[in-house]
Structures are given as C-alpha cells and as structure tokens.
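Novice: Just passing along the structure, written as structure tokens.
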Amino acid sequence: MPLRAGTARETPPEPSTTRQARAARRRRRARQRTRRRLAALACLIGASIALATGVRLLSAPARTPQSLSARKVVAPRVETGAASTVAAPKISYARPVRLVIPKIGLETAIEYVGLTADNAMASPSGPDTVGWYELGPRPGNKGSAVIDGHSGYADGTAAAFDKLPELRKGDTLYVEDASGRLASFIVRKTMLYARDASAAEVFAPASSRRLNLITCTGTFDVAAGTHSQRLVVFTELLLPGQVARQQ
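In my numbering, the protein residues as written are 3 to 249.
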C-alpha cells in the first residue's frame with residue numbers, strides 16, 4: 003500500500019536475536035570497564051605499597067657499633083686531608099673479597115662480620131684474614147665502609163694488620179669485589195682511640211665513599227685479653243683524575 007503524505011512510517015519490530023546480541027555486547031563492555039577499573043586500582047595500591055616500603059628502607063640506617071670494643075676519644079694522631087672535589091663515579095660495588103695494601107706487603111681474603119653480644123664490631127676468625135662490617139656500606143659505595151683485622155699476637159704469630167701503623171697520608175690500598183672490580187683508596191688520616199671509645203666517627207654516614215681500617219695497638223691488657231688502644235686508618239675512594247703518591 004503506498005504511503006500518503008504526512009503518514010508516519012512504521013518501524014518493524016526488532017528480532018529477539020538482535021536484542022539479545024546487543025544486550026550481550028553491553029554486558030561485555032560493562033565487564034571490560036569493571037576489569038580496567040580493578041586493574042587500575044590494583045596498580046595504584048601496588049605502587050603505594052612499593053613507595054611506602056622504599057621509604058622505610060631508605061630511612062632505615064645501618065646498625066652502628068657502640069664502641070670499638072665511657073665514650074671519650076683519646077690521643078688523636080696527626081694527619082688530616084680535605085675531601086675530594088672530583089665527581090664520584092656512578093658505580094655500585096659488589097661484596098668485597100680481597101684486600102691489597104702494597105706498602106705493607108698485604109694481600110688477604112676478606113671475611114664478613116657483624117656485631118658482638120656487647121654491640122661492638124666482631125673480629126675476623128683468625129690472624130691471616132680481615133673482616134668487613136657487613137651491616138654497613140660495601141667498600142667503594144657511598145658511606146663509611148669498615149674493615150678490621152688482628153695485630154700484635156702475644157705469641158708472635160703474624161697477623162694481617164701488624165704493619166698497619168706504617169701507613170701514612172697519601173698511601174694507597176685496594177679492594178677487589180665479588181665481580182672482579184678493583185676499588186682504589188687513598189689514606190686521608192690516621193687516629194688513635196681508647197679501646198672503649200665511641201665508634202661514631204668511624205661508622206658515621208658520609209656523602210663520600212670511605213673505607214676505614216681498624217686494628218689493635220698499645221699495651222696489652224692481660225685481664226681484658228686485648229690491647230689498650232685502637233688504630234683507625236681513614237681512607238677515601240681514589241676517583242678518576244686523582245693521582246696517588248708513589249709508594
């Protein structure tokens with residue numbers, strides 16, 4: 003039948019299969035939007051957790067020994083050195099494995115030590131090796147790394163740091179890490195401390211890359227089973243462009 007002017011065209015009814023298909027597409031789109039919102043929320047929560055963890059890790063300081071074995075430092079000895087103005091390399095050193103000090107003929111393995119029961123830095127297991135304080139920075143990385151060693155055995159047994167007092171400002175030493183990288187250090191100063199002196203300066207946080215060496219010295223206290231003093235050699239990473247004194 004032909005349409006007359008002004009007569010509305012009738013819309014044929016939509017088949018049920020078409021309505022069902024459109025409804026299914028709407029449900030799929032709704033599920034996709036829900037999944038995207040959930041994924042974004044999970045990402046945000048994960049980032050917040052990671053950030054909070056990172057802040058805690060960055061703000062948590064390394065444990066510092068309370069003493070080198072009441073708290074008064076004695077007899078500081080000679081030699082001071084200004085910090086380097088050369089830019090530090092962006093290198094992260096691995097755990098140390100070997101210490102070399104050419105001037106005193108030392109080349110020895112490095113053990114990893116922590117704290118004793120009285121909150122002092124532990125010693126290496128024997129006279130031939132030295133101990134790196136593993137709760138602090140690694141030698142070559144930012145901060146004050148610390149290595150200790152024995153000296154002056156009563157029975158005359160040779161020990162790694164027997165000749166450490168011979169080091170002077172400008173001398174160099176080397177630490178090899180587990181990846182084979184060699185870090186060079188230059189002596190900045192040496193200090194004598196009482197056995198029970200505060201260790202704050204030796205283990206203090208630093209923006210430069212330091213390595214401090216500790217050993218026993220002074221008279222032997224039979225009752226205490228150790229020497230009366232501690233010798234500390236303060237060194238700093240030798241940076242590109244610096245020239246060490248010839249040994």
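All C-beta atoms in this analysis are idealised placements derived from N, C-alpha and C, irrespective of residue type, glycine included.
Bear in mind the structure is a predicted one, so any value in this text is a computation, not a measurement.
What is the DSSP secondary structure of residue 196, counted as helix, strand or coil?
Specialist: In the structure shown, residue 196 sits in a strand (DSSP, three-state: E or B).
Novice: What are the start and end residues of the alpha helix (DSSP H) that includes residue 202?
Specialist: Per DSSP, residue 202 belongs to the alpha helix (DSSP H) from 202 to 205.
Novice: How far does the beta strand (DSSP E) with residue 126 in it reach, from first residue to last?
Specialist: Residue 126 -> no beta strand (DSSP E), and no H or E assigned at all.
Novice: Can you tell me where the beta strand (DSSP E) holding residue 152 begins and where it ends?
Specialist: Note, residue 152: premise wrong, no beta strand (DSSP E); not H, not E.
Novice: Taking the beta carbon of residue 67 as the centre, do at least 16 other beta carbons fall within 10 Å, making it buried, or is it exposed?
Specialist: When all chains shown are included, residue 67 counts as buried.
Novice: Given this structure, state the Cα-to-Cα distance separating residue 79 from residue 191, to the nearest angstrom.
Specialist: Confidence in residue 79 is poor, its pLDDT being 34 and thus under 50, which makes the residue's placement too unreliable to answer from.
Novice: Under the three-state reduction of DSSP, which class applies to residue 183: helix, strand or coil?
Specialist: Residue 183: coil per DSSP, three-state reduction.
Novice: Quick check: the stretch 126 to 137 against the stretch 192 to 199, are at least 3 beta-carbon pairs closer than 8 angstroms?
Specialist: No, because fewer than three Cβ pairs between the stretch 192 to 199 and the stretch 126 to 137 fall closer than 8 angstroms, the two stretches do not touch.
Novice: Could you pull out every residue in the same chain whose Cβ sits closer than 6 angstroms to the Cβ of residue 102, ignoring the five residues on either side in sequence?
Specialist: Result list for residue 102: 109 and 176, in chain order.
Novice: When we look at the beta-carbon of residue 161 and count the other beta-carbons within 10 Å, is it buried (16 or more) or exposed?
Specialist: Per the 10 Å Cβ criterion, buried.
Novice: Just the Cα atoms here: how many angstroms apart are residue 258 and residue 99?
Specialist: Look at the range of the chain in this structure, 3 to 249, and you will see that residue 258 is not part of it.
Novice: Measuring CB to CB, does residue 178 end up less than 8 angstroms from residue 106?
Specialist: It is not a contact, given that the beta carbons lie outside the stated cut-off.
Novice: Output needed for residue 152: all residues of its chain with C-beta closer than 6 angstroms, excluding positions within five of it in sequence on either side, in chain order.
Specialist: Around residue 152: 129 and 161.
Novice: If you follow the beta strand (DSSP E) that residue 230 is in, where does it begin and where does it stop?
Specialist: That run of the beta strand (DSSP E) goes 228 to 239.
Novice: What does a CB cutoff of less than 7 angstroms around residue 220 pick up in its chain, not counting 5 residues either side in sequence?
Specialist: Counting only Cβ-Cβ distances below 7 angstroms, and skipping sequence neighbours, we find 229, 230 and 231.
Novice: Please classify residue 32 as buried or exposed, where buried requires at least 16 other C-beta atoms within 10 Å of its C-beta.
Specialist: Result: exposed.
Novice: According to DSSP, is residue 62 helix, strand or coil?
Specialist: Per-residue confidence for residue 62 stands at a pLDDT of 32, beneath the threshold of 50, marking its modelled position as unreliable; the derived number appears in the next sentence. It is coil, neither helix nor strand.
Novice: In three-state DSSP terms, what is residue 105?
Specialist: Residue 105: helix per DSSP, three-state reduction.
Novice: Just verifying my parser: in three-state terms, what is the DSSP assignment at residue 98?
Specialist: Correct three-state label for residue 98: strand.
Novice: Could you pull the start and end residues of the beta strand (DSSP E) that residue 133 belongs to?
Specialist: Run containing residue 133: 132 to 135, per the beta strand (DSSP E) assignment.
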